[in-house]
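Participant:
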Amino acid sequence: MGGAMDPESLTIANLLVGNSPGAAAIEWALGPGVLRLDEGTRVAVCGDAAVAVNGEAGRTWHALTVGPRMELTITPGGASRFVYVAVQGGIDTPPTAGSRSTYLPAGMGGLEGRRLRVGDRLPGGGPGGVALVESAPPPVRPREALLRVTVGPQAERFDLTAREALYRESWTVLAASDRMGYRLGGPAIAPRERATLPSEAACPGAIQVPDDGQPIVLMPDGPTVGGYPKLAVVVRADLALLAQCPPGRVVRFREVSPGEAREALRERASRLEDLERRAIGEGGSP
Amino acid sequence: MTAPEARILPLGEEAWILTLGDRIDAALHERVVSVAALITRAALPGVREIIPGYTTVTVSFDSARADASELRVGLERLLADTPAGLPAPPSRTLEIPVQYDGPDFEEVAERTGLSRTQIIERHSGRVYRVYLLGFAPGFAYLGELDPSLELPRRDSPRTRVPPGSVAIAGLQTAVYPLATPGGWHLIGTTSLRLFAPAADPPALLRVGDQVRFVPAGL
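Top to bottom, those sequences are chains U and E.
With this note's numbering applied, the first sequence corresponds to residues 1 to 286, in that order.
With this note's numbering applied, the second sequence corresponds to residues 287 to 504, in that order.
Put into structure tokens, the structure is as follows:
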């Protein structure tokens with residue numbers, strides 16, 4: 001598990017600076033801040049934010065040229081929870097278990113396994129590749145999020161009223177939501193029997209419902225196994241939409257078949273592959 | 287006795303979860319491990335991960351590389367042909383030295399009514415099976431604990447459990463390999479490293495291993 005909460009926005013940020021989609025970048029989930037770049041390079045900031053280079057306004061979802069010792073100021077707008085900052089050549093922290101991603105629950109990976117702090121210095125990768133596009137449209141993310149889900153493996157442990165409530169009600173993303181899981185506020189929809197299941201594999205997007213009836217949606221850093229019943233699973237193509245909801249945002253769910261969910265994933269992959277071909281051609285930089 | 291049919295259900299759109307039973311027991315889990323080994327050996331195209339649970343085997347796949355229905359049929363056929371799965375490799379027995387000095391030791395003694403010696407004897411006096419790996423890297427769910435030590439999880443989990451903590455909850459015991467939040471009762475510590483990202487494999491314990499705790503410094 002692990003990885004970006006919004007992999008689509010991360011991919012776009014990387015492609016705009018000529019990186020391959022999986023290059024390491026910064027997931028910015030903070031308030032305003034400043035990055036100073038020692039050497040000139042290309043940067044892309046993807047998400048809801050105001051951007052300035054040495055005080056001059058720049059555009060998000062666009063490649064920006066930042067000269068040596070210039071400052072990149074990022075001021076998140078609050079409509080999206082995560083903003084992605086990619087630099088040409090990627091960020092070159094030492095990989096752990098084959099990835100540069102940070103896994104906070106175990107303090108592994110990234111920069112010392114922790115959140116970035118003021119004063120941190122991040123090594124840039126090599127010169128990187130060249131991007132052939134200057135900008136890309138942000139993914140369509142309606143404010144009234146309607147998330148597609150497939151039926152969960154323990155759906156029959158919930159009675160009909162509970163299952164209908166999942167689809168009928170509006171659910172509020174609560175403040176106690178993080179990279180491990182998002183807690184949703186709404187009516188209690190506890191399973192019929194309050195017994196813990198023998199633990200089994202879980203996955204990001206799984207909507208677990210503990211005894212208190214308040215759903216928790218597992219996120220990329222969430223536990224890989226669990227004993228809470230899974231009522232439904234958010235389709236992979238929509239998980240980033242949920243991930244980008246700040247606390248207080250309201251979401252709703254609607255059921256689709258696994259086949260429709262795979263089709264949505266295919267459609268997203270195809271869009272990103274198309275952008276990749278236009279941005280870095282066949283076989284871009286590592 | 288014919289093996290019962292496995293139920294196969296989707297877990298999201300990129301995984302199939304095979305349920306082989308409904309109860310935690312060693313014999314069923316042997317079958318879980320054997321079926322997981324069978325599926326691994328079959329090397330079905332597009333399969334990403336095979337995750338054994340207590341009673342389930344979950345097969346996740348890349349939907350761009352595998353047709354979901356064909357994979358499901360492939361799994362059903364494998365199970366029909368070899369319902370017992372592959373014999374698991376001989377299980378290893380590992381010893382974990384423990385200093386029984388955990389911060390919850392006194393509380394466990396009070397709540398179970400057992401003496402210090404009894405707790406140590408009952409925790410270290412049996413061989414445990416590794417049922418599951420999960421929750422955090424290297425975290426292994428070991429069972430089953432002596433029923434006289436059974437306690438529910440703590441009401442308020444700790445936000446940080448020191449690495450190497452030996453813990454109990456329900457009928458399970460475990461070692462926290464890294465500092466993570468945790469709601470189990472901490473009865474001891476071990477200096478044995480159960481997870482090292484640079485090692486190959488990084489996790490010391492494997493599903494199906496047998497584990498003994500050995501009291502240290504007595």
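Virtual Cβ for every residue (Gly too), placed ideally from N, Cα, C.
Where does the unbroken alpha helix (DSSP H) through Ile405(E) begin, and where does it stop?
Facilitator: If you number the second sequence from 1, residue 405(E) lands on position 119. Unbroken alpha helix (DSSP H) run through Ile405(E): 402-410.
Participant: Is the distance from the Cβ of Thr344(E) to the Cβ of Ile337(E) below 9 angstroms?
Facilitator: Working through the second sequence from its first residue, we reach residue 344(E) at position 58. Working through the second sequence from its first residue, we reach residue 337(E) at position 51. Against a cut-off of 9 angstroms, the Cβ pair of Ile337(E) and Thr344(E) comes out as a contact.
Participant: Label Asp6(U) either buried or exposed according to how many other C-beta atoms from any shown protein chain fall within 10 Å of its C-beta, with 16 as the threshold for buried.
Facilitator: Working through the first sequence from its first residue, we reach residue 6(U) at position 6. So Asp6(U) ends up on the buried side.
Participant: Please go through the same chain and pick out, in chain order, the residues whose beta-carbon is closer than 7 angstroms to the beta-carbon of Ala482(E), but skip the five residues on each side of it.
Facilitator: As a working mapping, residue 482(E) is identified with position 196 in the second sequence. Around Ala482(E): Pro488.
Participant: I'd like the span of the alpha helix (DSSP H) that includes Ala188(U), first residue to last.
Facilitator: On the first sequence, residue 188(U) is found 188 positions in, with the first residue counted as 1. Segment: none, Ala188(U) is in no alpha helix (DSSP H) and carries neither H nor E.
Participant: Find the residues of chain U that neighbour Thr344(E), judging by a C-beta separation of less than 8 angstroms, and give them in chain order.
Facilitator: Taking the second sequence and counting its residues from 1, one reaches residue 344(E) at position 58. Going along chain U in sequence order, the residues near Thr344(E) (Cβ under 8 angstroms) are Glu200, Ala201.
Participant: Would the beta-carbon of Ser419(E) fall within 9 angstroms of that of Val225(U)?
Facilitator: The residue labelled residue 419(E) in the question sits at position 133 within the second sequence. The residue labelled residue 225(U) in the question sits at position 225 within the first sequence. Reading off the sequence, residue 419(E) comes out as Leu, not Ser. A contact, by the Cβ cut-off of 9 angstroms.
Participant: If you follow the alpha helix (DSSP H) that Ala162(U) is part of, which residue opens it and which one closes it?
Facilitator: Sequence index remark: in the first sequence, residue 162(U) carries index 162 (1-based). Run containing Ala162(U): 160-168, per the alpha helix (DSSP H) assignment.
Participant: Just curious, the beta strand (DSSP E) that Glu71(U) is in, first and last residue?
Facilitator: Position 71 of the first sequence, counting from 1, holds the residue named residue 71(U). Note, Glu71(U): beta strand (DSSP E), 70-76.
Participant: Please classify Met287(E) as buried or exposed, where buried requires at least 16 other C-beta atoms within 10 Å of its C-beta.
Facilitator: As a position in the second sequence, residue 287(E) is number 1, starting the count at 1. Here the model assigns Met287(E) a pLDDT of 39, short of 50, so the residue's position is not dependable and the matter cannot be decided.
Participant: Whose Cβ in chain U lies nearer than 8 angstroms to the Cβ of Thr341(E)?
Facilitator: On the second sequence, position 55 is the one that residue 341(E) refers to. Residues of chain U passing the Cβ test: Pro198, Glu200.
Participant: Which residues of the segment 412-443 of chain E have a Cβ closer than 7 angstroms to any Cβ of chain U? Give them in chain order.
Facilitator: For the segment 412-443 of chain E, the beta-carbon criterion of a distance under 7 angstroms to any beta-carbon of chain U is satisfied by Leu418, Gly420, Phe421, Ala422, Pro423, Tyr427.
Participant: I'd like to check one pair, Gly494(E) with His315(E): are the Cβ atoms closer than 9 angstroms?
Facilitator: Counting from one through the second sequence, the residue named residue 315(E) turns up at place 29. Counting from one through the second sequence, the residue named residue 494(E) turns up at place 208. A contact, by the Cβ cut-off of 9 angstroms.
Participant: With a threshold of 16 other CB atoms inside 10 Å of the CB of Ala162(U), please say whether the residue is buried or exposed.
Facilitator: To locate residue 162(U), count along the first sequence from 1; it is residue 162. Burial call: buried.
Participant: Rounded to a whole number of angstroms, what is the C-alpha to C-alpha distance between Val118(U) and Ala29(U)?
Facilitator: The residue you call residue 118(U) lines up with position 118 of the first sequence. The residue you call residue 29(U) lines up with position 29 of the first sequence. Roughly 14 angstroms separates the two Cα atoms.
Participant: Below 7 angstroms CB to CB, which residues in the same chain sit around Glu267(U) once its five sequence neighbours on both sides are set aside?
Facilitator: One-based indexing of the first sequence puts residue 267(U) at position 267. Once the five neighbours on either side are set aside, Glu267(U) has no close Cβ partner at all.
Participant: For Gly31(U), tell me which candidate among Gly90(U), Glu112(U), Pro94(U), Leu116(U) has the shortest Cα-Cα distance.
Facilitator: Indexing the first sequence from 1 puts residue 31(U) at position 31. For Gly31(U), the nearest C-alpha among the options comes from Leu116(U).
Participant: Where are the alpha helix (DSSP H) runs, 4 residues long or more, that stay fully inside the segment 303-359 of chain E, in chain order?
Facilitator: 312-328
Participant: In angstroms with no decimal places, state the Cα-to-Cα distance between Gly78(U) and His471(E).
Facilitator: Along the first sequence, one-based indexing puts residue 78(U) at 78. Along the second sequence, one-based indexing puts residue 471(E) at 185. The straight-line gap from Cα to Cα measures roughly 40 angstroms.
Participant: Quick check: is the beta carbon of Leu265(U) nearer than 9 angstroms to any beta carbon in chain E?
Facilitator: For this step, residue 265(U) is matched to residue 265 along the first sequence. Output row for Leu265(U): interface = yes.
Participant: Using only the alpha-carbon positions, how far apart do Arg278(U) and Ser270(U) sit?
Facilitator: Looking up residue 278(U) in the first sequence gives position 278. Looking up residue 270(U) in the first sequence gives position 270. Straight-line Cα distance between these residues: approximately 12 angstroms.
Participant: In whole angstroms, what separates the C-alpha of Leu197(U) from that of Ile189(U)?
Facilitator: By one-based count along the first sequence, residue 197(U) stands at place 197. By one-based count along the first sequence, residue 189(U) stands at place 189. The alpha-carbon of Leu197(U) is positioned some 17 angstroms away from that of Ile189(U).
Participant: In whole angstroms, what is the alpha-carbon distance linking Val333(E) and Gly47(U)?
Facilitator: Sequence index remark: in the second sequence, residue 333(E) carries index 47 (1-based). Sequence index remark: in the first sequence, residue 47(U) carries index 47 (1-based). When rounded, the distance between both Cα atoms is 33 angstroms.
Participant: Given that a residue counts as buried once 16 or more other Cβ atoms are within 10 Å of its Cβ, and exposed if not, what is Pro21(U)?
Facilitator: The count along the first sequence starts at 1 and reaches residue 21(U) at position 21. In this structure Pro21(U) is buried. Its beta-carbon is surrounded by 16 or more other beta-carbon atoms within 10 angstroms.
Participant: Are the segment 160-179 of chain U and the segment 229-248 of chain U touching, with three or more C-beta to C-beta distances below 8 angstroms?
Facilitator: yes
Participant: Taking the beta strand (DSSP E) that Pro438(E) falls in, what are its first and last residues?
Facilitator: Here residue 438(E) is taken as the residue at index 152 of the second sequence, counted from 1. Counting along the chain, Pro438(E) falls outside any beta strand (DSSP E), and DSSP gives it neither H nor E.
Participant: Round the Cβ separation of Pro220(U) and Arg179(U) to the nearest angstrom and send it over; I've been treating them as touching at under 8 angstroms.
Facilitator: Taking the first residue of the first sequence as position 1, residue 220(U) is located at position 220. Taking the first residue of the first sequence as position 1, residue 179(U) is located at position 179. With a Cβ gap of about 6 angstroms, Pro220(U) and Arg179(U) count as contacting.
Participant: Name the residue from Pro142(U), Gly205(U), Leu111(U), Ala165(U) whose alpha carbon lies nearest to the alpha carbon of Gly152(U).
Facilitator: Looking up residue 152(U) in the first sequence gives position 152. Closest option to Gly152(U), judged by alpha-carbon separation, among Pro142(U), Gly205(U), Leu111(U), Ala165(U): Gly205(U).
Participant: Can you tell me where the beta strand (DSSP E) holding Pro501(E) begins and where it ends?
Facilitator: Here the question's residue 501(E) lines up with position 215 in the second sequence. First-last of the beta strand (DSSP E) with Pro501(E): 496-501.
Participant: Using a Cβ cut-off of 7 angstroms, pull out every chain E residue sitting near Arg262(U), in sequence order please.
Facilitator: Here residue 262(U) corresponds to residue number 262 of the first sequence, with the count starting at 1. For the C-beta of Arg262(U), the chain E residues within less than 7 angstroms are, from N- to C-terminus, Glu299, Ser349, Ala354.
Participant: Gln496(E) to Ser434(E), Cα distance in whole Å?
Facilitator: Looking up residue 496(E) in the second sequence gives position 210. Looking up residue 434(E) in the second sequence gives position 148. Each residue's alpha carbon lies about 21 angstroms from the other.
Participant: Measuring CB atoms only, is the segment 33-42 of chain U touching the segment 66-86 of chain U, in the sense that at least three cross pairs come out at less than 8 angstroms?
Facilitator: yes
Participant: Compute the distance between the beta-carbons of Tyr84(U) and Ala25(U), then report whether it is under 9 angstroms.
Facilitator: For the purposes of this step, residue 84(U) is identified with residue 84 of the first sequence, where counting begins at 1. For the purposes of this step, residue 25(U) is identified with residue 25 of the first sequence, where counting begins at 1. Their beta carbons are under 9 angstroms apart, which means Tyr84(U) touches Ala25(U) by this criterion.
Participant: Is it buried or exposed for Gly248(U), if we count other Cβ within 10 angstroms and need 16 for buried?
Facilitator: The residue labelled residue 248(U) in the question sits at position 248 within the first sequence. So Gly248(U) ends up on the exposed side.
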